[in-house]
Amino acid sequence: MLRLAHLTHSSCFMRRFFLLVSCLASVGAGCTSDTPSPVVTTPARDVQAPVRPLGEDDVRIDPQSPSETVILRESQFSKRGFIVIHLDEAGKPGKILGVSDVQSVGHHGETWINVSPSLQQGKTYFATLRHDNGDNRYDPTKDEPVKQGDTLVQIPFDVVAVRNENEVASPATEITIKNFAFSPDTVTVKRGTPIRFVNADTMNHTATSDKPGFDSGMLGSGQSFTLDTGTLVPGPYPYHCSPHPDMRGTLIIE
Ligand SMILES: [Cu+2]
-11 MLRLAHLTHS SCFMRRFFLL VSCLASVGAG CTSDTPSPVV TTPARDVQAP VRPLGEDDVR
49 IDPQSPSETV ILRESQFSKR GFIVIHLDEA GKPGKILGVS DVQSVGHHGE TWINVSPSLQ
109 QGKTYFATLR HDNGDNRYDP TKDEPVKQGD TLVQIPFDVV AVRNENEVAS PATEITIKNF
169 AFSPDTVTVK RGTPIRFVNA DTMNHTATSD KPGFDSGMLG SGQSFTLDTG TLVPGPYPYH
229 CSPHPDMRGT LIIE
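Every letter in the sequence shown is one number past the one before it in the numbering used here, and letter 198, counting from 1, is 186.
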């Protein structure tokens, strides 16, 4: 009897203890001691970092891959302006590597900015903003740097490994060469997705980009060539077969 009473008391104490813990765990969720709320366990992987709200003049940039193109996730302008990409110099925006086209007022989705020299893995860069003086041309002596209060808007970003896990995991996309044609003749892939050209014809063919980009070399019947698109700047790549220039296709790297 005594032992049972002790147990009951003890489990009551434990219940209160867990209630307290669950209250502490859900601070901000409106838990009070009067209304015990169910304990909800959220797997850590589902917890997402809070997204910084976009300011009225602002850009959002994910970590970038080493390449000649900075891909901004989104941006916003209260006046027409430019996005400027800088080298990091002692923790501040330094030498300019690239400038966007003039950006209209309002919100913009993905924006690409070519930079030179290209982004290097392990380095930090900055994006800053300028408001255009009205001539639609970037001129650092005339276009005012954008500030928030007294502080310059400057967004740092890192350059990380060439590919993330998802890109490594993505299977090769296959393009078949048959009856003097590329099939499918237009393919869009994320940069980093391998493209495999398979010559299923009896003739020799190539897959050769019109502008500098890629060239399979001559592929005999049954041979294949795998293109590493991680080395290509995003954009459209019209291509052809060298011996049969009427054979045409387009590869679009996102
Ligand atoms: Cu051909």
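All C-beta atoms in this analysis are idealised placements derived from N, C-alpha and C, irrespective of residue type, glycine included.
Where does residue i fall in DSSP's three states?
| i | result |
| --- | --- |
| Gly69 | strand |
| Gly18 | Low local confidence applies: a pLDDT of 40 at Gly18 is under 50, so the model's placement there is unreliable, with the coordinate-based value given in what follows. The answer is coil: DSSP assigns Gly18 none of H, G, I, E or B. |
| Gly218 | helix |
| Leu60 | strand |
| Lys166 | strand |
| Asp46 | strand |
| Gly86 | strand |
| Gly237 | strand |
| His232 | coil |
| Thr190 | coil |
Assuming residue i and residue j make a contact with CB atoms under 8 angstroms, what is their CB distance in whole Å?
| i | j | result |
| --- | --- | --- |
| His96 | Ser63 | 5 angstroms |
| Thr112 | Pro144 | 6 angstroms |
| Asp120 | Val90 | 6 angstroms |
| Ala160 | Arg184 | 4 angstroms |
| Arg48 | Arg61 | 5 angstroms |
| Pro51 | Gln142 | Not quite, the Cβ-Cβ distance comes to about 17 angstroms (not below 8 angstroms), so this is no contact. |
Would you kindly check if the distance between the Cβ of residue j and the Cβ of residue i is under 8 angstroms?
| i | j | result |
| --- | --- | --- |
| Pro182 | Asp216 | yes |
| Thr57 | Asn102 | yes |
| Ser230 | Thr196 | yes |
| Ser209 | Thr238 | no |
| Val87 | Phe114 | no |
| Glu98 | Thr176 | no |
What I want to know is whether the C-beta of residue i ends up closer than 7 angstroms to one or more non-hydrogen atoms of ligand 2.
| i | result |
| --- | --- |
| Met191 | As for ligand 2, it is missing from this structure, which binds only ligand 1. |
Kindly say whether residue i, judged by its beta-carbon, lies nearer than 8 angstroms to any beta-carbon of chain C.
| i | result |
| --- | --- |
| Thr112 | Here chain C cannot be found, since the structure has a single protein chain. |
Measuring from the CB of residue i, is there a heavy atom of ligand 1 at a distance below 7 angstroms?
| i | result |
| --- | --- |
| Phe168 | yes |
| Pro226 | no |
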